Amino acid sequence: MPPKGKAAPKPKASEAKATQPSSSKKQPAANTPPATIAELSQLRLDESRPFDAVRRKQGLSALSRDEQTTWYAARFARQPAHARNRVPIKTQRELWRQVNEASIGLRALRDHTTKWGLAASPVVTSGGDVGGLSIEAFGEWSERRLRLTALEVASRAFRERRERARRGETEGKDRVVVTETDVDDEKERRREMAEVRQKLYGVVTGRFALDPEWDDVVPIPHEEPDGALAVIAYPAEYAEAISYLRAVMASKEYSDRCLRLTETIIEMNPAHYTVWLYRAAIIQALKLSIPYEMEWLNKVALDNLKNYQIWHHRHLLVDSYYPTIAEDAEATKEFGAAEQAFLTRILAEDAKNYHVWSYRSYLVDKLGMWDDPGELAAVEDLIDADVRNNSAWSHRFFLVFSHPARSTPGVAATEPDPAAPSEIVDREVSYAKDKIVLAPQNQSPWNYLRGVLVKGGRKLAEAEEFSSQFVVGLGEGGGREEVTSTHALDLLAEIYAEKGDKERADLCLRRLGEKWDRIRVGYWEWRRKCLN
Amino acid sequence: MLEPLPERFLAADPSRSWILYWTLAGLTTLGEDVSGYRHRLAQTARGMQNPTGGFGGGGGQLSHLATTYAVVLALALVGGEEAYEVVDREGLWRWLCSLKQKDGGFQVCLGGEEDIRGAYCAAVIITLLNLPLELTPESPAYTPDGSTNLLSGLADYVRRCQTFEGGISGQPNVEAHGAYAFCALGCLSVLGDPRRIIPEYLDIPRLTAWLSSRQYAPEGGFSGRTNKLIDGCYSHWVGGCFPLIEAALGVGADGNSIPGSLPPPAETLFSREGLTRYILCCCQDQTRRGGLRDKPGKMSDAYHTCYVLAGLSSAQHQWELSTNDTNIGATLGATGADAVWNVLPYLGGDDDLQVFEREDLVRPVHPVYAIPLASKDAMRSYFLAKGSSFDDDGAAATAPGE
Numbered sequence: 001m002p003p004k005g006k007a008a009p010k011p012k013a014s015e016a017k018a019t020q021p022s023s024s025k026k027q028p029a030a031n032t033p034p035a036t037i038a039e040l041s042q043l044r045l046d047e048s049r050p051f052d053a054v055r056r057k058q059g060l061s062a063l064s065r066d067e068q069t070t071w072y073a074a075r076f077a078r079q080p081a082h083a084r085n086r087v088p089i090k091t092q093r094e095l096w097r098q099v100n101e102a103s104i105g106l107r108a109l110r111d112h113t114t115k116w117g118l119a120a121s122p123v124v125t126s127g128g129d130v131g132g133l134s135i136e137a138f139g140e141w142s143e144r145r146l147r148l149t150a151l152e153v154a155s156r157a158f159r160e161r162r163e164r165a166r167r168g169e170t171e172g173k174d175r176v177v178v179t180e181t182d183v184d185d186e187k188e189r190r191r192e193m194a195e196v197r198q199k200l201y202g203v204v205t206g207r208f209a210l211d212p213e214w215d216d217v218v219p220i221p222h223e224e225p226d227g228a229l230a231v232i233a234y235p236a237e238y239a240e241a242i243s244y245l246r247a248v249m250a251s252k253e254y255s256d257r258c259l260r261l262t263e264t265i266i267e268m269n270p271a272h273y274t275v276w277l278y279r280a281a282i283i284q285a286l287k288l289s290i291p292y293e294m295e296w297l298n299k300v301a302l303d304n305l306k307n308y309q310i311w312h313h314r315h316l317l318v319d320s321y322y323p324t325i326a327e328d329a330e331a332t333k334e335f336g337a338a339e340q341a342f343l344t345r346i347l348a349e350d351a352k353n354y355h356v357w358s359y360r361s362y363l364v365d366k367l368g369m370w371d372d373p374g375e376l377a378a379v380e381d382l383i384d385a386d387v388r389n390n391s392a393w394s395h396r397f398f399l400v401f402s403h404p405a406r407s408t409p410g411v412a413a414t415e416p417d418p419a420a421p422s423e424i425v426d427r428e429v430s431y432a433k434d435k436i437v438l439a440p441q442n443q444s445p446w447n448y449l450r451g452v453l454v455k456g457g458r459k460l461a462e463a464e465e466f467s468s469q470f471v472v473g474l475g476e477g478g479g480r481e482e483v484t485s486t487h488a489l490d491l492l493a494e495i496y497a498e499k500g501d502k503e504r505a506d507l508c509l510r511r512l513g514e515k516w517d518r519i520r521v522g523y524w525e526w527r528r529k530c531l532n
Numbered sequence: 001m002l003e004p005l006p007e008r009f010l011a012a013d014p015s016r017s018w019i020l021y022w023t024l025a026g027l028t029t030l031g032e033d034v035s036g037y038r039h040r041l042a043q044t045a046r047g048m049q050n051p052t053g054g055f056g057g058g059g060g061q062l063s064h065l066a067t068t069y070a071v072v073l074a075l076a077l078v079g080g081e082e083a084y085e086v087v088d089r090e091g092l093w094r095w096l097c098s099l100k101q102k103d104g105g106f107q108v109c110l111g112g113e114e115d116i117r118g119a120y121c122a123a124v125i126i127t128l129l130n131l132p133l134e135l136t137p138e139s140p141a142y143t144p145d146g147s148t149n150l151l152s153g154l155a156d157y158v159r160r161c162q163t164f165e166g167g168i169s170g171q172p173n174v175e176a177h178g179a180y181a182f183c184a185l186g187c188l189s190v191l192g193d194p195r196r197i198i199p200e201y202l203d204i205p206r207l208t209a210w211l212s213s214r215q216y217a218p219e220g221g222f223s224g225r226t227n228k229l230i231d232g233c234y235s236h237w238v239g240g241c242f243p244l245i246e247a248a249l250g251v252g253a254d255g256n257s258i259p260g261s262l263p264p265p266a267e268t269l270f271s272r273e274g275l276t277r278y279i280l281c282c283c284q285d286q287t288r289r290g291g292l293r294d295k296p297g298k299m300s301d302a303y304h305t306c307y308v309l310a311g312l313s314s315a316q317h318q319w320e321l322s323t324n325d326t327n328i329g330a331t332l333g334a335t336g337a338d339a340v341w342n343v344l345p346y347l348g349g350d351d352d353l354q355v356f357e358r359e360d361l362v363r364p365v366h367p368v369y370a371i372p373l374a375s376k377d378a379m380r381s382y383f384l385a386k387g388s389s390f391d392d393d394g395a396a397a398t399a400p401g402e
């Protein structure tokens, strides 16, 4: 039986010295203080296993014969019982005797105590091995770990208390409550925990994980299959927000915190259509104030001019808001005017934004703004600012000719509509002509003019005289031919064809292909074929 | 672009599925074999598919018609059963039914906008995957008497998007825009024989005038709207309209001119030389980055690379619809899906300069499905063989040609 550890007599100082190997004096390292904790633990290990240290560094032969025996005895004694029992009983007794005589400490440190392991941390350099820390740095490190443990305990206590409060438990006579101060303290605590974790392990704690409000949501992180194509590296905060989004969408939660979550994600990635539709659903479910949402949206729109989703979101907002004001003409008018004001502002930034114009045509139709003088005036202002703004021209055509009181449902845009009033057609024809004169090679008003004439069921020939002023000496040689608008020549070709003057029409088209618009010669040649 | 992308691509997160199509289509048009991506694409696409049908822009995103279109085309490009079988057709069909609107159009996603992209994408998806046309009772367009289906009213919706200028807008009553012109013609060309359906629903002379006006001198490229600047991507959106317009002109199903119809062009409706010059001289990003771009001064990207190459392909090829009318489609109401298109490299008229080298000839791209002809045929045949009913675990309940 091995003697119990307690039973082993404590070596006296002089005896202990005797157990130091003779060759250990040769080691200078013993005199230099350790720089890192790995060195310190190695030193301690060596002190508790003096012979092992010498053997490891210098080989067994560096030990004297007696020392070798003691080393072997120490090795024997530190083996587990079953290994020791492989040695004959008699030999065991002899070995124990030597162990006792040499006062070998049985509880020597184990070899692995010098392995500190890796930690990803800004303070741990040298390949991430904690053992590389200086003794002071390790002290700091250990203090942080203690601090983190303390904070974690307090945080758990907070969670438990909140859970008890949720269950309506009591403390003595009083109900368990979690006050706002408690929540603020917890927020502060988590902020500190995140800071300590960052210093200890280099991990960043996301804002949602920090927020006690989100504790009940188990985020669903996005994982890509192995070898997935075009995987985008998500910034940590985006990845975290998206994982919470997936979780709340999966549980169909419509709440204030979800609304704030959508805002966070929209700020990071406004093109994320899923989050916009979810936001619209939240607003609808919670019956939130739409004017308030519009106000928020205005700011987002001004910051993200090219964004597509914003305008569909606005469309959805109007869809649910309009029925609440439809009966009130004054409120509808006021709302329409506010929208017009905002559209004017946004179009001042980007006058041809397709999504803005799509929304505008929807708004006119929805609110019935057909006779609103402000709408036509807004379009005129934009055309005055840039006579080539085709988006504004298109909106004007819609405003004038899709008016329910002066259009026939089902008539195509390129077809005549008997419901289009003659005086309106006249007004629009002269409007277009006025603008053409400003810049004859601007195709927008030419397309508009032709469109109006067709819509009004007029002959294109009504514009013959007007168009002719841009074409001089057609087909005449000697440099007399002058065309200041190919669009005039194009329209004249149609006018002549309409009048049955194929020859003249053909001349217009031929000259377009030969001289005035050569890139489109294939088209002009086809038009010539169409004359027959 | 197919390998891991850095954080600055975050804004592309909702259109990751598009990146798959753009890159694979671009490589294919350049003549590369992309079937080696089959397994990885199948894995990626699975992660984008929702249990309620359809594909989102990425994992955890709502299904969207545009992103579903992109995934389905990407799967067609890599081809093979492993890719095809990714698609949950029944779920997709149910989801499409929920998007179908009473007025004939499609919402692009549940609660999303209704526009002509939805019309085109839906027509392509339905016919490539041979989905049934019946509507579920949950569909907004469902009628108990069965008088409506997934495709009914769709051509009328397209018609309502033609504007006074002749071009096509994204939704009725908005400005004509090049990308939507392609969607309109593509959608109609799925629904019926382009020779009949395009003249029936659209004003061809106005549309042709508008399309032709998109080509400007001296650049040679196409703009997307009246008075807007040229952008390389319209080489496809506008350039890709011409094969469909030309198909609609003049030639009847019997190969003869339809009396009273418009004549076919003598050579070509647009300047192929101009477009080719713009693409080769202005759209190539000559930096180490490579790729194709909108215009000089801009950076190349996957979107422009894909569509500029597709546009180059339209400039370099001549398309013709097979004149025999035996190609009545297996999907009633979508007879254009099986139209037989013949293609030849465009050799140019006498005066037309061949402005590119022989080795710069890119592959033909299907004028409607925007993938190679063989990829479209392989996918559609695979699903025609499976039938368009799900009753019997995909077994052919409706045999092709019945």
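Protein chains in written order, with full-length UniProt numbering: chain A, 1 to 532; chain B, 1 to 402.
A virtual CB, placed ideally from N, CA and C, is assigned to each residue, including glycine.
Bear in mind that the values here come from a model prediction, so they are computed numbers and not experimental data.
query                                                                                                                    : result
6 Å CB neighbourhood of T276 (chain B) in its chain, flanking five on each side removed                                  : A315, V355, F356
Residue-level contact to chain B via CB, P508 (chain A), 8 Å cutoff                                                      : Sequence inspection shows Cys at residue 508 (chain A); the Pro mentioned does not correspond to that position. Cβ-Cβ to chain B under 8 Å: no for C508 (chain A).
Cβ-Cβ separation, I290 (chain A) to S255 (chain A) (assumed contact under 8 Å), whole Å                                  : Actually they do not touch by this definition, with Cβ atoms about 18 Å apart.
CA-to-CA distance, K352 (chain A) to V452 (chain A), given in whole angstroms                                            : 22 Å
Straight-line Cα distance separating R144 (chain A) from A194 (chain A)                                                  : 12 Å
Residues within the segment 204–233 of chain A neighbouring chain B, beta-carbon criterion of under 9 Å                  : I220, H222, E223, E224, P225, D226, G227, A228, L229, A230, V231, I232, A233
As assigned by DSSP and simplified to three states, the class of L321 (chain B)                                          : strand
Beta carbon proximity, K228 (chain B) to chain A, threshold 8 Å                                                          : yes
Coarse secondary structure for Q441 (chain A), derived from DSSP in three states                                         : coil
Spatially closest choice to L10 (chain B) from A:A233, A:L109, A:D381, by CA coordinates                                 : A:A233
CB contact flag (L92 (chain B), G53 (chain B), <8 Å)                                                                     : yes
Same chain, Cβ closer than 8 Å to L347 (chain A), five either side skipped, listed in chain order                        : N353, V356, L382
Spatial neighbours of L43 (chain A) in its chain, beta-carbon cut-off 6 Å, leaving aside the 5 residues before and after : P34
CB-CB length for G178 (chain B) against W237 (chain B), believed under 8 Å                                               : 4 Å
Within chain A, the residues that S213 (chain B) reaches when beta carbons sit closer than 7 Å                           : Q443
Chain A contact for S271 (chain B) (CB, 8 Å cutoff)                                                                      : yes
C281 (chain B), buried or exposed, once every other Cβ within 10 Å from all chains shown has been counted against 16     : exposed
For A119 (chain B) and W393 (chain A), the rounded distance between their alpha carbons                                  : 26 Å
Alpha carbon of I89 (chain A) to alpha carbon of F138 (chain A), nearest angstrom                                        : 47 Å
Bridge partner(s) assigned by DSSP for K100 (chain B)                                                                    : B:F106
Of the residues A:A338, A:R107, A:Q68, the one placed nearest R95 (chain A), counting alpha carbons only                 : One point to set straight first is that residue 95 (chain A) is Leu, not Arg, in the sequence displayed. The residue with the shortest Cα to Cα distance from L95 (chain A) is A:Q68.
Any C-beta of chain B under 8 Å from that of L277 (chain A)                                                              : yes
Residue from B:L73, B:S213, B:K386 whose Cα sits closest to the Cα of Y369 (chain B)                                     : B:L73
Start and end residues, beta strand (DSSP E) containing W341 (chain B)                                                   : 341–345
Meets three-Cβ-pair contact criterion under 8 Å: the segment 518–528 of chain A and the segment 211–222 of chain B       : yes
When B:L321, B:E134, B:L207 are compared against S389 (chain B), the one with the closest alpha-carbon                   : B:E134
L292 (chain B) - DSSP class collapsed to helix/strand/coil                                                               : strand
Cβ-based burial, L60 (chain A) [other Cβ within 10 Å; buried from 16]                                                    : exposed
Residues near Y72 (chain A) in its chain [Cβ-Cβ closer than 8 Å; skip 5 each side]                                       : L95
Short CB-CB distance (under 8 Å) between W526 (chain A) and chain B                                                      : yes
Per-residue burial, H82 (chain A) [other beta carbons within 10 Å of its own, 16 or more giving buried]                  : exposed
Per-residue DSSP class, three states only, for Q79 (chain A)                                                             : coil
Sequence-distant residues of the same chain with beta carbon closer than 7 Å to Y359 (chain A), five excluded per side   : W311, R314, H315
Which of helix, strand or coil DSSP assigns to Q49 (chain B)                                                             : strand
Beta carbon proximity, Y403 (chain A) to chain B, threshold 8 Å                                                          : Note on identity: in this sequence residue 403 (chain A) is His, with Tyr being the wrong assignment. No, no contact with chain B.
C-beta contact flag for G240 (chain B) and G311 (chain B) at 8 Å                                                         : yes
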